[in-house]
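Residue numbers (the working numbering): 6 to 144.
The next block holds one structure in the form of structure tokens; read it before the comments.
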Amino acid sequence: MRSHVNRLMKTTHPFLAALLIAIVSLAGCSDRNASSQKTADTPAAASAPRTDEWLGKWTGPEGTFLELAGGHGKYDVTVQNLDGPRQFEGRYADGAIEFERDGTKEVIRGTNGAETGMKWLAEKKNCLTVRQGEGYCRD
């Protein structure tokens, strides 16, 4: 009987080992997929939005500028135009920053110089545009 058990162990043991390795491998893949799924389902609010990369000062022509402070979806927006600086409260919305100025909803979006509509900024690459004809750049 003992020889049967030894023979069975010799033939079964590699099979059991392979089965165990397959089960562990599948379980590992399953956990990895679950982890990826959790990351994909995590709300955007848990991490800073891309608009946080826009913090700081952006310059326009003739001494104008746009300055963004704050972060994580809430921004202090300062717009310096020829009449002087004005401050507004901004918030993240669909990859941009929205704020209200004189009863109008304004949207700050990432663009290049040509998209600002301003000939002084046309060759620039890294810009923010509030509206056609109102843009600010960093390069």
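A virtual CB, placed ideally from N, CA and C, is assigned to each residue, including glycine.
The structure presented is a predicted model; accordingly, all values stated were derived computationally and were not measured.
Could you give the first and the last residue of the continuous alpha helix (DSSP H) run that contains residue i?
i	result
G118	G118 to T121
Report all residues from its chain with a CB closer than 6 angstroms to the CB of residue i; omit the five preceding and five following residues, and keep chain order.
i	result
G61	none
W125	P66
T121	C132, T134 and G140
D81	A74 and G75
Q92	T83
G95	Y80, V82, I102 and F104
K129	G118, C142 and D144
E72	K62 and T83
Does the Cβ-Cβ distance between residue i and residue j come in under 8 angstroms?
i	j	result
G78	Y97	yes
I113	A101	yes
W63	R143	yes
N86	T109	no
Apart from the five residues on each side of it in sequence, which residues of its chain come closer than 7 angstroms, Cβ to Cβ, to residue i?
i	result
P54	G78 and Y97
G138	G122 and M123
A27	With a pLDDT of only 44 at A27, under the threshold of 50, the placement of this residue in the model should not be trusted; the figure read from the coordinates follows. So no residue of the chain qualifies.
Going along the chain, which residues of its own chain have a beta-carbon closer than 8 angstroms to the beta-carbon of residue i, five neighbours each way excluded?
i	result
D107	none
Problem set entry | Runs of alpha helix (DSSP H) wholly within the segment 50-138 (minimum 4 residues, chain order) | 118-121
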